[in-house]
Amino acid sequence: MTSIISRGGWGARPPRSRATCAWTGRTLWVHHSDGPAPSDSRASEIATVRGIQAFHQGPQRGWADIGYAFLVAPSGRVYEGRGVQVWAAHCPGHNDEPSVCLMGTYDATPPSEAAREAVWWLADHLGMTDLNGHRQGTATSCPGDATMRTLVDAPRPPKTSQEDPSPVLPHGASLRLHLRTLGEERAGKGGRAWAGWGECAGALRWIARHGLAPTTTAAISWRGDTWRGPRDVTNVAKNLTTRYL
Ligand SMILES: [Zn+2]
């Protein structure tokens with residue numbers, strides 16, 4: 064079972080700044096680090112991820128944080144980069160879309176089978192259905208010819224295991240939803256509030272299916288971020304429903 068090694072797990076330095084966004088598309092962007100691949104040890108992978116973060120935050124790039132939302136090692140282990148629905152720095156014009164970086168250089172040598180499987184596992188986990196290579200968004204050789212040939216442009220391999228593809232609810236995620244319809248407002252009623260996955264699931268599914276009226280006062284908080292307004296709350300509800308429910 065694949066799991067994601069959190070920022071705490073690899074000792075990430077804090078971001079200099081952080082802005083959230085709502086991922087609305089269904090495409091996961093694929094990169095390679097264009098540097099040395101780690102060995103299969105966790106220590107080597109952690110050193111690689113930390114090195115990429117240091118490079119991205121350093122004088123050459125000067126970014127707020129590591130550029131990508133996630134990274135994948137040749138072992139198939141997945142590392143959290145900027146994370147879910149955080150503005151990234153991976154491809155101009157697409158920084159409000161999810162991204163994954165294969166650690167290593169894959170111009171001639173294809174990424175390992177474990178890494179390719181992990182990218183598709185991550186796509187499922189994030190509710191994404193398609194892969195794009197970085198070069199499809201801007202002029203670059205990234206993510207390498209071999210990645211394009213064996214992963215991005217290759218047919219999706221059939222699922223080999225019987226593992227439930229629906230991901231576990233993220234731990235430590237505090238989820239709160241608050242709605243007040245125009246009718247309630249006119250009737251002088253307060254809004255309705257839900258907290259936690261157990262209470263929110265039904266409301267999220269309903270919002271994802273029907274959308275919220277533009278006159279509804281709405282707010283949703285998840286993992287310490289809050290989105291307000293019917294449009295953003297509908298988008299977040301769709302994303303959470305696709306990904307976790
Ligand atoms: Zn790239």
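Residue numbering for the sequence shown follows my numbering, starting at 64 and increasing by one per position.
Don't be surprised by glycine CBs; every beta carbon is placed ideally from N, CA and C.
Query	Result
Residues of its chain near I67, where Cβ-Cβ distance is below 6 Å and the 5 sequence neighbours each way are ignored	V141, E143
Buried or exposed by the 16-neighbour rule on C-beta atoms within 10 Å, applied to S96	buried
Between the CA atoms of V182 and T280 - distance to the nearest angstrom	37 Å
Inter-residue spacing [alpha-carbon to alpha-carbon] between A264 and T244	19 Å
Counterpart residues of S193 in DSSP-defined beta bridges	The question names Ser, yet the displayed sequence has Asp at residue 193. DSSP lists T90 as partners of D193.
Closest residue to W126 among L242, R79, W73, L240 (Cα-Cα distance)	R79
Reduced DSSP secondary structure (H/G/I, E/B, other) of T83	strand
Rounded separation between P220 and A300 - CA only	29 Å
Span of the alpha helix (DSSP H) around T304	293-307
Helix, strand or coil at S224 according to DSSP, with G and I counted as helix	With a pLDDT of only 49 at S224, under the threshold of 50, the placement of this residue in the model should not be trusted; the figure read from the coordinates follows. It is coil, neither helix nor strand.
Neighbour-count burial assignment, P218, 16 or more Cβ in a 10 Å radius	exposed
Stretch-stretch touch, CB-based, cutoff 8 Å, three pairs: the region 95-112 with the region 199-212	yes
H94 beta carbon near ligand 1 (any heavy atom closer than 6 Å)	yes
N-terminal and C-terminal residue of the beta strand (DSSP E) that W257 is part of	255-258
Sequence-distant residues of the same chain with beta carbon closer than 8 Å to G114, five excluded per side	G98
Heavy atom of ligand 1 within 6 Å of H188 beta-carbon	no
Status (buried if at least 16 other CB within 10 Å, exposed otherwise) for S138	buried
Same chain only: Cβ atoms within 8 Å of H197, ignoring 5 sequence neighbours per side	W92, V93, H94, H153, C154, T203, C205, P206
Simplified DSSP assignment, three categories, for I109	helix
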